[in-house]
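First to last, the sequence lines map onto chains A and B.
Counted from 1, the first sequence has number 106 at position 107 by numbering that gives the first Met the number 0; the numbering is strictly sequential.
Counted from 1, the second sequence has number 123 at position 124 by numbering that gives the first Met the number 0; the numbering is strictly sequential.
Beta carbons: idealized from backbone N, C-alpha and C, even for Gly.
Predicted model only: the values in this text are computed from it and were never measured.
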Amino acid sequence: MQNTRLVETSVGVFVAAGIAAFFMLGMKVSNFNAFSDVEGYEVSAQFENIGGLKVLSSVSVGGVRIGRVTSIGFDQEDYEAVVTMTIDHKYNRLPTDTSASIFTSGLLGEQYIGFEPGGEEAFLQEGDTIFLTQSAIVLEQVIGQFMFSKASEGAGE
Amino acid sequence: MLFQQLGSCTLAFFQRLGRANIFLWAVLCGVPGLIFRLRLLIHQVFSVGVLSLVIIVVAGLFVGMVLGLQGYYTLVDFGAEDSLGVMVALSLVRELGPVVAALLFAGRAGSALTAEIGLMKATEQLAGMEMMAVDPIKRIIAPRFFAGVLSMPLLAAIFSALGVMGGYLAGVGLLGVDEGAFWSQMRSSVDFNEDIMNGVIKSIVFGVVVTWIAVFEGYDAVPTSEGVSRATTRTVVYASLAVLGLDFILTTLMFGEV
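Okay, structure coming up:
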């Protein structure tokens with residue numbers, strides 16, 4: 000009888016440990032819970048060039064993440080990329096003249112959208128569009144321009 | 000002469016495969032009845048799962064630590080040692096957790112299952128049960144099979160979790176990677192549905208395959224001492240090969256289009 004109880008207890012402990020490990024993987028290792036089902040309002044912005052921006056890239060103000068990119072499309076009339084973002088409901092006091100730029104975290108890191116709040120009285124709402132945008136800096140273009148200007152300097156002398 | 004041998008080998012192979020499938024169907028039919036035999040199932044989870052814990056815990060911890068050390072030396076050359084957590088977690092959750100846990104499971108639990116069932120057959124215990132109108136598949140095989148299928152995902156989850164802890168110990172504790180970067184980069188890159196659930200699906204598939212091979216080899220063993228020993232060897236070899244092959248197929252199916 001004692002033996003049976005020992006077996007049953009250890010099986011219980013084993014199953015509990017397995018489930019605990021699974022939850023630890025879910026909560027601590029993965030992004031489960033953190034913006035997994037973003038509840039918020041959608042705003043969109045048009046960019047000339049989005050570089051390496053992806054769906055689920057983060058949207059931040061002053062380094063604090065306030066939302067995520069939900070979809071990326073292409074506008075055939077303006078020939079520009081349309082980025083739709085979901086912003087957390089908590090952050091509903093962003094002025095309508097907020098500007099959006101695409102930055103890179105670190106030199107080779109992931110790209111994200113940074114907001115720069117403006118000074119308008121009205122706030123951004125569901126379905127609004129951000130007009131002031133700045134495209135991603137594409138490193139190859141910058142280097143190309145730099146080399147081109149250097150070369151033309153050399154030719155001028 | 001050569002062709003005759005080739006033909007007989009092929010036929011024997013397919014006969015065995017057919018037997019294995021009929022056997023699996025019979026076992027699956029016996030699984031629902033386990034609700035009335037919970038005690039049997041618990042005892043099998045003990046011998047299949049709990050007794051495999053030690054090797055899984057130790058292996059998980061050390062595999063994680065080695066991943067942390069080795070990943071650090073590669074990543075530090077690119078100044079990217081902050082992504083150590085991502086590397087350790089993704090390789091454990093997606094690949095190493097399910098695969099290494101399944102290989103250890105085949106060696107530790109699969110061989111024991113085959114030897115036990117094969118010996119029961121050799122000593123005519125299974126035949127004795129049939130004489131008493133007790134279905135050995137329902138009484139002996141089904142609880143062992145289901146216990147294996149149940150234990151495998153749990154063992155793989157424990158393996159992965161401890162591996163991440165091992166990587167944390169080696170990376171943050173030993174080599175001085177920033178703790179915040181370790182966890183935060185890991186959390187932002189590991190997706191729950193995409194990575195962790197796919198790992199769980201993998202481990203369930205491996206659990207079914209390894210236990211199926213183990214119980215079938217035992218049930219189908221030649222009832223002599225030599226036959227049982229051969230069956231045990233075959234279990235470990237076939238189960239390991241099946242795990243490695245299936246892992247490649249599952250990985251291309253799950254993560255192929257990314």
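Reduced DSSP category for residue i - H, G, I as helix; E, B as strand; rest coil
i, result
"I55 (chain B)", "helix"
"F34 (chain A)", "Per-residue confidence for F34 (chain A) stands at a pLDDT of 47, beneath the threshold of 50, marking its modelled position as unreliable; the derived number appears in the next sentence. If DSSP states are grouped into helix, strand and coil, F34 (chain A) belongs with coil."
"S151 (chain A)", "helix"
"F130 (chain A)", "coil"
"S29 (chain A)", "coil"
"M130 (chain B)", "helix"
"E125 (chain A)", "coil"
"G72 (chain A)", "strand"
"V62 (chain B)", "helix"
"G51 (chain A)", "coil"
"A135 (chain A)", "coil"
"T95 (chain A)", "coil"
"G118 (chain A)", "coil"
"L83 (chain B)", "helix"
"L174 (chain B)", "coil"
"L5 (chain A)", "helix"
"Q140 (chain A)", "helix"
"V12 (chain A)", "helix"
"V221 (chain B)", "coil"
Counterpart residues of residue i in DSSP-defined beta bridges
i, result
"R64 (chain A)", "A:S59"
"G179 (chain B)", "According to DSSP, which records beta bridges pairwise, G179 (chain B) is partnered with nothing at all."
"Q45 (chain A)", "A:V81"
"I101 (chain A)", "A:I112"
"G39 (chain A)", "A:D87"
Rounded C-alpha distance that separates residue i from residue j
i, j, result
"L123 (chain A)", "V42 (chain A)", "8 Å"
"V133 (chain B)", "E123 (chain B)", "14 Å"
"V242 (chain B)", "V141 (chain A)", "49 Å"
"I71 (chain A)", "F46 (chain A)", "10 Å"
"E152 (chain A)", "K89 (chain A)", "52 Å"
"K149 (chain A)", "E109 (chain A)", "29 Å"
"M23 (chain A)", "G17 (chain A)", "10 Å"
"F181 (chain B)", "F215 (chain B)", "44 Å"
"L95 (chain B)", "V85 (chain B)", "14 Å"
"L33 (chain B)", "L161 (chain B)", "31 Å"
"S187 (chain B)", "F102 (chain A)", "17 Å"
"G198 (chain B)", "V87 (chain B)", "14 Å"
"F34 (chain A)", "T231 (chain B)", "Note that F34 (chain A) scores 47 on pLDDT, short of 50, meaning its location in the model is unreliable; the coordinates nonetheless yield the value given after this. Rounded to the nearest angstrom, the two C-alpha atoms are 49 Å apart."
"V99 (chain B)", "E225 (chain B)", "29 Å"
"S239 (chain B)", "S57 (chain A)", "42 Å"
"F145 (chain B)", "T97 (chain A)", "59 Å"
"S228 (chain B)", "L52 (chain A)", "58 Å"
"D219 (chain B)", "R18 (chain B)", "9 Å"
"M0 (chain B)", "L10 (chain B)", "15 Å"
"Y111 (chain A)", "L40 (chain B)", "52 Å"
"G179 (chain B)", "S59 (chain A)", "19 Å"
"T73 (chain B)", "V57 (chain B)", "25 Å"
"S202 (chain B)", "I86 (chain A)", "37 Å"
"F205 (chain B)", "G109 (chain B)", "12 Å"
"K27 (chain A)", "E193 (chain B)", "16 Å"
"M146 (chain A)", "I136 (chain A)", "16 Å"
"P152 (chain B)", "P97 (chain B)", "8 Å"
"G78 (chain B)", "H42 (chain B)", "51 Å"
"D74 (chain A)", "G50 (chain A)", "16 Å"
"A15 (chain A)", "Q184 (chain B)", "28 Å"
"G158 (chain A)", "E125 (chain A)", "Residue numbering for chain A in the displayed model covers 0 to 156; residue 158 (chain A) lies beyond these limits and cannot be assessed."
"T49 (chain B)", "R4 (chain A)", "The residue you asked about is not Thr; residue 49 (chain B) is Val in the sequence shown. Roughly 14 Å separates the two Cα atoms."
"F13 (chain A)", "V53 (chain B)", "11 Å"
Residue i, enclosing alpha helix (DSSP H) - first and last residue
i, result
"I203 (chain B)", "197 to 218"
"Q43 (chain B)", "37 to 47"
"T231 (chain B)", "224 to 254"
"G162 (chain B)", "141 to 167"
"S110 (chain B)", "110 to 121"
"G106 (chain B)", "Premise fails: G106 (chain B) is in no alpha helix (DSSP H) and is neither H nor E."
Supposed close pair residue i, residue j - CB separation, criterion 8 Å
i, j, result
"A141 (chain B)", "G29 (chain B)", "3 Å"
"A20 (chain A)", "I157 (chain B)", "4 Å"
"V148 (chain B)", "T223 (chain B)", "Actually they are not in contact, since the Cβ atoms of V148 (chain B) and T223 (chain B) sit about 30 Å apart, beyond 8 Å."
"G166 (chain B)", "L66 (chain B)", "5 Å"
"M64 (chain B)", "A155 (chain B)", "In fact, because the Cβ distance is near 18 Å, the residues do not count as touching under 8 Å."
"S29 (chain A)", "D190 (chain B)", "6 Å"
"F45 (chain B)", "S104 (chain A)", "Not confirmed; about 49 Å, so no contact."
"G66 (chain A)", "M84 (chain A)", "5 Å"
Segment limits, beta strand (DSSP E) that includes residue i
i, result
"I112 (chain A)", "110 to 115"
"F77 (chain B)", "Per DSSP, F77 (chain B) belongs to no beta strand (DSSP E) and is neither H nor E."
"F191 (chain B)", "From DSSP, F191 (chain B) is part of no beta strand (DSSP E); its letter is neither H nor E."
"T9 (chain B)", "Looking at the DSSP string, T9 (chain B) is not in any beta strand (DSSP E); the run it does join, the alpha helix (DSSP H), is 1 to 29."
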